[in-house]
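Heads up, this note's numbering is the position in the sequence shown plus 5, with the first residue counted as 1.
Heads up: the structure comes next, in structure tokens.
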Amino acid sequence: MAKELRVGLIGCGFMGRTHSNAYRRLNNFFPVEHRAVLKAICDTNEPKAQTYAATWGYERVETDWRKLVEASDIDLIDICVPNVAHRDIAVAAAAAGKMVGCEKPLAMNVAQAEEMVAAVERAGVPNMVWFNYRRVPAIALAKQIVDEKRIGRPFHYRATYLQDWTISEDVPQGGDALWRLDARVAGSGVTGDLLAHSIDTAMWLNGPITRVVAKTETFVKERKHVVSGQREPVLIDDACMFLAEFANGSMGTFESTRYARGRKNFNTFELNGADGSVYFDLEEPEYLQYFEYKQLQSGKKAESHLTGWRKIHTTNSEHPYMSHYWVPGTCIGYEHTFLNALADFVEGIESGKWTQPDFRTGLETQKVCDAVIESARTSQWLHIN
Ligand SMILES: NC(=O)c1ccc[n+]([C@@H]2O[C@H](COP(=O)([O-])OP(=O)(O)OC[C@H]3O[C@@H](n4cnc5c(N)ncnc54)[C@H](O)[C@@H]3O)[C@@H](O)[C@H]2O)c1
Numbered sequence: 006m007a008k009e010l011r012v013g014l015i016g017c018g019f020m021g022r023t024h025s026n027a028y029r030r031l032n033n034f035f036p037v038e039h040r041a042v043l044k045a046i047c048d049t050n051e052p053k054a055q056t057y058a059a060t061w062g063y064e065r066v067e068t069d070w071r072k073l074v075e076a077s078d079i080d081l082i083d084i085c086v087p088n089v090a091h092r093d094i095a096v097a098a099a100a101a102g103k104m105v106g107c108e109k110p111l112a113m114n115v116a117q118a119e120e121m122v123a124a125v126e127r128a129g130v131p132n133m134v135w136f137n138y139r140r141v142p143a144i145a146l147a148k149q150i151v152d153e154k155r156i157g158r159p160f161h162y163r164a165t166y167l168q169d170w171t172i173s174e175d176v177p178q179g180g181d182a183l184w185r186l187d188a189r190v191a192g193s194g195v196t197g198d199l200l201a202h203s204i205d206t207a208m209w210l211n212g213p214i215t216r217v218v219a220k221t222e223t224f225v226k227e228r229k230h231v232v233s234g235q236r237e238p239v240l241i242d243d244a245c246m247f248l249a250e251f252a253n254g255s256m257g258t259f260e261s262t263r264y265a266r267g268r269k270n271f272n273t274f275e276l277n278g279a280d281g282s283v284y285f286d287l288e289e290p291e292y293l294q295y296f297e298y299k300q301l302q303s304g305k306k307a308e309s310h311l312t313g314w315r316k317i318h319t320t321n322s323e324h325p326y327m328s329h330y331w332v333p334g335t336c337i338g339y340e341h342t343f344l345n346a347l348a349d350f351v352e353g354i355e356s357g358k359w360t361q362p363d364f365r366t367g368l369e370t371q372k373v374c375d376a377v378i379e380s381a382r383t384s385q386w387l388h389i390n
């Protein structure tokens, strides 16, 4: 009989749905020993939690996350709430001996993230940050290409993460729907929300970032706060650009904003090396673009009229994760990145080699995020400790 992975999920919003879907689908697509059991769902908004339970099949509903942490019939606490609540839940869950999954960014700041790392390491419990973009097959293929040393000496890493949903000055801040605009709940703006993804991907592909210098901007200085009803200063970064140095000697540029009219979730990166380059764009998620520069035997030119970028449709069974899905040429979607992440997490538990990114790796991204915000505040280069 299959072992059970009994899940207690906290937060019935956007991420709660993607994770619930992953638990429901896990055993349909991945031959893992554990069967995901949706034991309990928690949200401070009880009607929302009741609807969730009915939709996704959770056995019971709670409105206080402590009930899940204390429950003896739950193995994994999955944190899908706004950033301000990550630390308290994760620390308590680890102390109770639960496995912990946490949405990104890991925490509000480095100090909180360090507490969370200490808690899971002290308890010795499996833990994961849901940086789901690592699980896009095309991005995982980029990692494979880098690991196969096909890029050669890296020179440039270039990332953008652009949206356009806060341009109107009439968009309020705070409350259940717009907590991302409230620094007291989100920690930061686009840096923690969007660039955390870009930084995690960048360091996975291109190694540690050692130094940054940043410029942030808050275009709309005051917005009505949903809770107080008053106009209040906006304390998040609406946009952020930073330069980075990587430990391998390459240079990075990162740009993120919620003011790029027409861009909804424009997440791209390009890595350029001496022997090749890779380019990814989340708006065409099944493609990885790859340029291969081949040094040929002397007397022959390295490039010809047939040289060019390859647009690889990452749907063959040879591509990462794809052997679990359909026939070549048929695509998977955004939701599968969470399913792939969950499968990696469960396979890690079963093999004893826990998957990445864990909280300690999430802390490294948090360090870059904090340094970026501080660099923008002080207008200086900052080293990442
Ligand atoms: N991996 C990704 O690509 C990705 C995408 C979006 C959001 N996120 C992250 O996921 C987390 C949640 O974001 P979201 O978009 O799902 O938010 P959301 O606003 O859609 O949902 C959050 C839910 O949490 C509930 N909640 C708030 N505080 C709570 C508490 N103390 N106890 C119980 N329930 C509580 C709210 O009522 C709401 O239903 C954030 O950390 C965010 O940064 C990650």
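Backbone N, C-alpha and C define an ideal beta-carbon position, used for all residues, glycine too.
This one's a predicted model, so the numbers in the text were calculated from it and none came from an experiment.
Closest by C-alpha distance to residue i, when choosing among the options
i                 : options                       : result
serine 261        : Val195, Lys220, Ile317        : Val195
isoleucine 84     : Cys374, Met133, Gly102, Ala7  : Met133
glycine 106       : Gly192, Gln55, Ala381, Phe350 : Phe350
cysteine 245      : Trp359, Phe285, Ala201        : Ala201
histidine 318     : Lys305, Pro333, Met256        : Pro333
arginine 40       : Glu51, Asp48, Arg11           : Arg11
proline 238       : Ala116, Ser255, Arg189        : Arg189
phenylalanine 251 : Leu387, His310, Ile378        : Leu387
alanine 145       : Glu369, Ala381, Gln294        : Gln294
threonine 165     : Thr56, Thr206, Val151         : Thr206
Local conformation of residue i per DSSP, three classes
i              : result
glutamine 294  : strand
methionine 121 : helix
cysteine 85    : coil
isoleucine 79  : coil
isoleucine 354 : helix
arginine 92    : helix
cysteine 107   : strand
histidine 251  : The sequence shown places phenylalanine at residue 251, rather than the histidine named in the question. The answer is strand: DSSP assigns phenylalanine 251 an E or B state.
leucine 113    : The sequence as given places methionine at residue 113; leucine does not occur at that position. DSSP places methionine 113 in coil when its eight states are reduced to three.
asparagine 378 : In the sequence under discussion, the amino acid at residue 378 is isoleucine, which differs from the asparagine named in the question. Three-state result, isoleucine 378: helix.
valine 239     : coil
alanine 97     : helix
valine 373     : helix
alanine 7      : coil
threonine 215  : strand
threonine 342  : helix
Contact under 9 Å by Cβ, residue i with residue j
i              : j                 : result
glutamine 371  : asparagine 114    : yes
arginine 216   : isoleucine 389    : yes
arginine 228   : glutamate 174     : yes
lysine 8       : glutamate 38      : yes
alanine 76     : glycine 13        : yes
proline 159    : asparagine 277    : yes
threonine 223  : leucine 240       : yes
alanine 348    : phenylalanine 136 : no
glycine 180    : valine 232        : yes
glycine 257    : asparagine 211    : yes
proline 110    : cysteine 336      : no
tryptophan 314 : serine 282        : yes
alanine 265    : phenylalanine 247 : no
alanine 58     : leucine 368       : no
asparagine 272 : serine 193        : no
Ligand 3 heavy atom lying under 8 Å from the CB of residue i
i           : result
glycine 313 : Because ligand 3 does not appear in the structure shown, any question about it cannot be addressed here, the ligands present being ligand 1.
Short CB-CB distance (under 9 Å) between residue i and chain C
i             : result
histidine 329 : In the displayed structure, chain C is absent; only one protein chain is listed.
| request: Please specify which runs of the alpha helix (DSSP H), each continuous and at least 4 residues long, are wholly inside the segment 127-212, giving them in chain order. | output: 142-152, 188-191, 201-211
| request: Give, in chain order, every unbroken run of the beta strand (DSSP E) that is at least 3 residues long and sits entirely within the segment 253-337. | output: 256-262, 271-278, 281-286, 292-297, 315-318
| Where are the alpha helix (DSSP H) runs, 4 residues long or more, that stay fully inside the segment 12-81, in chain order? | 19-34, 51-61, 70-75
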